[in-house]
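Enquirer:
This is the structure in structure tokens:
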């Protein structure tokens, strides 16, 4: 590809930061603080450090398959079509849980604001129907409209982060102290902080579009990853200083404005804007999740790997896979109607994506062994260790004992069994048809 069709490294860094900084930063500080108190903000740099080999490894395999940034394609080309389907299906299933988490976060935020300001309690079931219908219909629109909406979401996402990071030095808490019991509980925040970094794989998919040396791709990803980690850590640290442990654990990020010292009139305006910005970020994040995850489902259906593939392949006049989007909406509606536990869904998200990473890393390692690229193999092996650590902490967070953990992971396990069962049924049916 000619350089004129590529982007500069600085543009790539900004794009990568926009991709990496997600709505999770407005959800998880509260949950992390409930577990590790003042030490909870350390979860972000700890996870980033462990995660680094995985980021580098996924970036490596993405450069080997430019323009094919899907885990289905990686595993299909390097291992087998069956493993490729398993990888793609696990990734899709995990991101169904992700869209459900963000929907629950939006629901909790917007219903809390309505209840406290208007004294109206909106029925959860009614909210679920209206919200999922709205996001589904928006996802039917042109991808150009999606891009414009995401641009608005980017601005609204950054403003609250910059605001808190800029002012927290004026609210440094003299009683801020990391207790030993908080440090001992840091392992509990790892599965939660991990959510904030999902999505980095999209950065890897554009690595081949960066101008200059091949190393520029890794540099852009690493710098964006480092800046994202700093923003997450500083934002969470600022919240702890402004609100204190008890208040952050109780009220969450959206409650921070109530603890700022300023004239009442100004505070009223800022409270409204802050609440509006965070709620809108959740809305746009769910919208983005519907758009990208339905594309994964459409890609699997496009190769006739799923039941009702003929229907799932259908697109509307804007070339949007409307049946796949509708399926995404129905599945998300069912999940948020069945549970309101973000931690429960977070566990399924982590295991689904980590399983996909294990498959991808195995594919990368097998290729490195064949090419005798021993230097890169070290990073890939470290990535296996990282995924193993994340899997361990996610497993421990799933329940108090093995039985409760298996029950906690049952949605992902059931989805995987149903998906693979359908795949083999369709595959065997196709073989029988060819034999005739």
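In my numbering, the protein residues as written are 466 to 901.
C-beta atoms are modelled at their ideal positions from N, C-alpha and C, and glycine is treated no differently.
Exposed or buried, what is residue 622 when buried is set at 16 or more other beta-carbons lying within 10 Å of its beta-carbon?
Expert: By the neighbour-count rule (16 or more Cβ atoms within 10 Å), residue 622 is buried.
Enquirer: What is the rounded straight-line gap between the Cα of residue 588 and the Cα of residue 582?
Expert: Between residue 588 and residue 582, the C-alpha separation is close to 16 Å.
Enquirer: Tell me where the alpha helix (DSSP H) around residue 711 begins and ends.
Expert: First-last of the alpha helix (DSSP H) with residue 711: 710 to 716.
Enquirer: Using the three-state DSSP reduction, which class does residue 544 fall into: helix, strand or coil?
Expert: Note: residue 544 maps to coil in three-state DSSP.
Enquirer: Classify residue 514: buried if its beta carbon has 16 or more other beta carbons within 10 angstroms, exposed otherwise.
Expert: The residue is exposed, with fewer than 16 neighbouring Cβ atoms inside 10 Å.
Enquirer: From residue 799 to residue 833, what does the alpha carbon distance come to, in whole angstroms?
Expert: Going by the C-alpha atoms only, they are around 42 Å apart.
Enquirer: Starting from residue 500, follow the alpha helix (DSSP H) in both directions and report where the run begins and ends.
Expert: Here the alpha helix (DSSP H) through residue 500 covers 493 to 501.
Enquirer: Using three-state DSSP, classify residue 632 as helix, strand or coil.
Expert: Three-state DSSP puts residue 632 in a helix.
Enquirer: Assuming contact is defined by CB atoms lying nearer than 8 Å, are residue 686 and residue 492 in contact in what I supplied?
Expert: Going by C-beta atoms, residue 686 is not nearer than 8 Å to residue 492.
Enquirer: Going by C-alpha distance, which of 697, 850, 604 is nearest residue 782?
Expert: The shortest C-alpha separation from residue 782 is found at 604.
Enquirer: Run through the stretch 808 to 873 for me and flag every whole alpha helix (DSSP H) of 4 or more residues, listed as ranges in chain order.
Expert: The qualifying runs are 839 to 862, 867 to 873.
Enquirer: Under the assumption that residue 564 contacts residue 815 (Cβ atoms under 8 Å), give the Cβ distance between them as a whole number of angstroms.
Expert: So it is not a contact: roughly 15 Å between Cβ atoms.
Enquirer: Look up residue 675 in the DSSP assignment and say whether it is helix, strand or coil.
Expert: Note: residue 675 maps to strand in three-state DSSP.
Enquirer: Give me the Cα-Cα distance between residue 764 and residue 512, rounded to the nearest whole angstrom.
Expert: One C-alpha to the other measures close to 31 Å.
Enquirer: With DSSP collapsed to three states, give me the class of residue 566.
Expert: It is helical.
Enquirer: Quick check on DSSP: helix, strand or coil for residue 655?
Expert: Helix at residue 655.
Enquirer: Note the first and the last residue of the continuous alpha helix (DSSP H) segment covering residue 528.
Expert: Taken as a continuous stretch (DSSP letters only), the alpha helix (DSSP H) holding residue 528 covers 508 to 529.
Enquirer: Can residue 762 and residue 495 be called in contact, C-beta distance under 8 Å?
Expert: Taking 8 Å as the Cβ cut-off, residue 762 and residue 495 do not qualify as a contacting pair.
Enquirer: Would a C-beta distance cut-off of 8 Å place residue 682 and residue 478 closer than the cut-off?
Expert: Contact flag unset, no.
Enquirer: For residue 501, I'd like the list of residues in its chain whose CB is within less than 6 Å of its CB, leaving aside the five on either flank, ordered along the chain.
Expert: The answer, listed in chain order, is 647, 650, 651, 654.
Enquirer: With a CB to CB cut of under 6 Å and the five nearest residues on each side skipped, what residues in its chain are close to residue 554?
Expert: So the qualifying residues of the chain are 884.
Enquirer: Under DSSP, the alpha helix (DSSP H) around residue 903 begins and ends at which residues?
Expert: The structure shown has nothing for residue 903, since the chain only spans 466 to 901.
Enquirer: Among residues of its own chain, excluding the 5 on either side of residue 860, which ones have a beta-carbon nearer than 7 Å to its beta-carbon?
Expert: The residues are 870.
Enquirer: My output table needs one value for residue 795: the three-state DSSP class, helix, strand or coil.
Expert: Correct three-state label for residue 795: helix.
Enquirer: Which residues in the same chain have their Cβ closer than 6 Å to the Cβ of residue 466, if we skip the five residues on either side of it in sequence?
Expert: Low per-residue confidence applies at residue 466: pLDDT is 47, beneath 50, and the placement is therefore not dependable, though the value from the model is reported in the following sentence. Counting only Cβ-Cβ distances below 6 Å, and skipping sequence neighbours, we find nothing.
Enquirer: Return the CA-CA distance between residue 456 and residue 737, expressed in angstroms with no decimal places.
Expert: In the structure as shown, the chain begins at 466 and stops at 901. Residue 456 is therefore absent and cannot be evaluated.
Enquirer: Give the DSSP-derived three-state secondary structure of residue 466 in the structure shown.
Expert: A caution first: residue 466 carries a pLDDT of 47, below 50, which makes its placement in the model too unreliable to give a value.
Enquirer: Tell me whether residue 474 sits in a helix, a strand or coil according to DSSP, three-state version.
Expert: Helix, per DSSP.
Enquirer: Using the Cα positions of residue 886 and residue 546, report the straight-line distance between them to the nearest angstrom.
Expert: Answer to the nearest angstrom: the Cα atoms are 15 Å apart.
Enquirer: Does residue 835 pass the burial test, meaning 16 or more other C-beta atoms within 10 Å, or should it be called exposed?
Expert: It is exposed - the Cβ of residue 835 has fewer than 16 other Cβ atoms within 10 Å.
Enquirer: Judging by CA-CA distance, which residue of 675, 817, 540 is the nearest neighbour of residue 471?
Expert: With distances taken between Cα atoms, residue 471 lies closest to 675.
Enquirer: How far does the alpha helix (DSSP H) with residue 490 in it reach, from first residue to last?
Expert: Run containing residue 490: none; DSSP gives neither H nor E here.
Enquirer: Does the count of Cβ pairs from the stretch 623 to 640 and the stretch 809 to 827 closer than 8 Å reach three?
Expert: Touching, no, given that fewer than three Cβ pairs across the two stretches are closer than 8 Å.
Enquirer: Considering only their Cβ atoms, is the gap separating residue 720 from residue 809 smaller than 8 Å?
Expert: Taking 8 Å as the Cβ cut-off, residue 809 and residue 720 do not qualify as a contacting pair.
Enquirer: Can you grab the Cα-Cα spacing for the pair residue 801 / residue 708, in whole Å?
Expert: Residue 801 and residue 708: Cα-Cα distance of roughly 29 Å.
Enquirer: Does residue 499 pass the burial test, meaning 16 or more other C-beta atoms within 10 Å, or should it be called exposed?
Expert: By the neighbour-count rule (16 or more Cβ atoms within 10 Å), residue 499 is buried.
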